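Numbering (the UniProt record's numbering), first residue to last: 1 to 740.
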């Protein structure tokens, strides 16, 4: 049976497979080999094998074409690729023939379309579609009107088939001057291209939207040399107004973000507070040298640009994995205003922490130096035009964007009430006006006016009255704090704590300002909050030892436990710590008989609150609660002071490499992370109603000194044999939850 010749289909199919195998993918080759094995073993029939083979070859048009040709069955069959190529070639020949019949208006539209495509403002599909529409209009115009049928495709009369094609860039308009409306179209096209380019920069994050809106205004287009005054005269009544937006094509700006200018956009989350965004773009869109008009550099600098000296010898920066670790101040600003990438995280970190390594005056000086970065002293006007387009304009936009961000986010910290800072800001705006950058100056001025015109309700500072001792002060009142319901006490305590916590500024968290003798002026709000914390703690302990009867002391302890538990429910962790630390001082902790009389249910709550306050795992339970809880929340302020102290003592502020002193920006990033956590909890307030009477009672509670509290504790319960060895001073040293 094996000697019998195979049918024709079998004998011809196998060589065809071998012939076309190189045009198949590895998966297709494996499938063919598998079916060939099945055919050899008789698992499938010849017809089934041929069907499977044809199905596989259909997925590879080129291979099928070669196979059909090898079998002698290629009778006019063409692969889709060949057909598409032939159709495209035919269309090109027809458009070559039609080109010289295009009107001036159609030529202008085609030139504008080609310009948009070369600038990557539109996709290739849209370019082909719009071009076909232009040629179709030409066919409709030159075809006699008595034709009964209108061709959908771009057909050409036979008399035009031999016409030579002239490329757009070689077209000469010397014989026939375009009409006025065509000149207007060309001028508006130039304006359109610039507007689309600016909008593309906004899409890529390289240009602020407010700056874009200023730069697309007609006067600014003239000032930057996009159009001339004579060209505007040609426009006449059709000259664009500030509100008009000439865009001939449907959505060129919407296509920009899909183009290859943006190579990579990485958004990383840092502590769930701020997006770390780094946009890396391809080399900037440089117009061809012949497309840029020469520009005189003189109007763009306040002084002779040839005399500006940029010193790079003493500047250095160290970057690891795209993150700045160490750098000089000039290099930090250079990286922050880079023309081709934008790091929002770095900019936010810089303006949060710059007060720890420089001052406002020096910062403005460095920003001005970056803004006035000079070109090559020997450059020509043409070279300066290219330098301005590719580098200077982008850097200046970055500098102004940084100042705008600074004003919007830190105006009340750095400028409000600071006459010197306001003077430096005014000087910076004046420099913009003198450097041919009036749109940028207007943007900064509008930002300042916007913030200045906002009606900001600034509350008077909430002062923490000095301690009043029972010995010297007699307070006449009809009510006591503990006479109110535990829920209302916890609410008013939360409102007071939040009011103090929300006033803490970023600059108070730097340079260990809260731990210095000058903390009352350098860290006013932190000092105020910690004083109130200690006052509440002293009040809690004092109220317990004031009670002569043990049963009364137990009632007061239970009351404070319930207030602490309610504060925990309200996420006022600072209030929880202040109350619990008051019950943890040695004068209260030693009252063993009193604590033994506290009901078990209250002791369970007390023990759970103590576990919550535990320092184990670096306040692990507290950190989990802050991370997973819903706002509003008031963190225990001592937690952040501990973190800031650890950062301050853990690494130096400056490092030296090869004799160059650099800022430790990694340390700044660590400071910024803690400050961002604080700012996150400052943003959402409590919706509780203020109870003025109870609020005043809490703010004006009378407290006793630690020695008085301990002496009174000894009066309530005498010393045991074990406690006599420990003096009051030694015991008070164990009170670790006090902030000062």
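From the three backbone atoms N, C-alpha and C, an ideal C-beta is built for every residue, glycine too.
Since the model is a prediction, treat every value here as computed from it, not as a measurement.
Bounds of the alpha helix (DSSP H) holding residue 353 are 344-353. The criterion of a C-beta distance shorter than 8 Å is not satisfied by residue 370 and residue 440.
Looking at the backbone, the Cα of residue 226 and that of residue 129 are separated by about 29 Å. Rounded to whole angstroms, the gap between the alpha carbons of residue 46 and residue 33 is 14 Å. The beta carbon of residue 654 is closer than 7 Å to those of 661, 662, 663, 664 in its chain, skipping five residues each way along the sequence. Taking 8 Å as the cut-off, the Cβ atoms of residue 494 and residue 563 do not count as close.
Per the coordinates, the alpha-carbon of residue 627 lies some 59 Å from the alpha-carbon of residue 132.
Cα atoms of residue 688 and residue 488: separation of roughly 9 Å, rounded to the nearest angstrom.
Within the segment 659-727, the alpha helix (DSSP H) runs of at least 4 residues that lie entirely inside it are, in chain order, 665-682, 692-699, 706-716.
Residue 29 and residue 55 have their C-alpha atoms some 13 Å from each other.
Contact annotation: the segment 501-511 does not touch the segment 689-709, with fewer than three C-beta pairs closer than 8 Å. Here residue 566 has 486, 487, 490 as same chain residues with Cβ atoms under 7 Å from its own Cβ, once five neighbours each way along the sequence are excluded.
Under the DSSP assignment, residue 316 falls outside any beta strand (DSSP E); it carries neither an H nor an E label.
About 4 Å separates the CB atoms of residue 117 and residue 127; that is less than 8 Å, so the two are in contact. Spatial neighbours of residue 649 in its own chain (CB-CB distance under 7 Å, excluding positions within 5 residues in sequence) are not present. According to the DSSP assignment, residue 324 belongs to the beta strand (DSSP E) that extends over 323-327. Three or more beta-carbon pairs drawn from the segment 184-201 and the segment 104-112 are found closer than 8 Å, and the two stretches are therefore classed as touching. Each residue's CA atom was taken as its position, placing residue 143 and residue 216 some 41 Å apart. With contact defined as three or more Cβ pairs closer than 8 Å, the segment 525-535 and the segment 667-679 are not in contact. A straight line joining the alpha-carbon of residue 99 with that of residue 86 spans about 20 Å. A distance below 8 Å separates the beta carbons of residue 550 and residue 597. With fewer than 16 other CB atoms across the displayed protein chains lying within 10 angstroms of its CB, residue 40 is exposed. Taking a 10 Å sphere around the C-beta of residue 540, we find 16 or more other C-beta atoms and assign the residue as buried.
Non-local C-beta neighbours of residue 690 in its own chain, meaning closer than 8 Å and more than five positions away in sequence, comprise 492, 495, ordered along the chain. Looking at the backbone, the Cα of residue 692 and that of residue 479 are separated by about 13 Å.
When the Cα atoms are used, residue 678 and residue 122 turn out to be separated by approximately 46 Å.
Residue 118 carries a helical assignment under DSSP once its states are collapsed to helix, strand and coil. Shown here for residue 103: same chain residues with a beta carbon closer than 8 Å to its own, the five before and five after excluded, namely 138, 141 in chain order. As the crow flies, the alpha-carbon of residue 432 is around 16 Å from that of residue 363. Across the structure, residue 680 and residue 635 are spaced so that their CA atoms are roughly 11 Å apart. Going by C-alpha positions, residue 418 is about 9 Å away from residue 412. Put simply, of 571, 379, 526 the residue whose alpha carbon is nearest the alpha carbon of residue 644 is 526. DSSP lists 661 as the bridge partner or partners of residue 656.
If you compare the alpha carbons of 358, 382, 361, 400 with that of residue 336, the shortest gap goes to 400.
Under the criterion of beta carbons closer than 8 Å, residue 559 and residue 482 qualify as touching, at roughly 6 Å.
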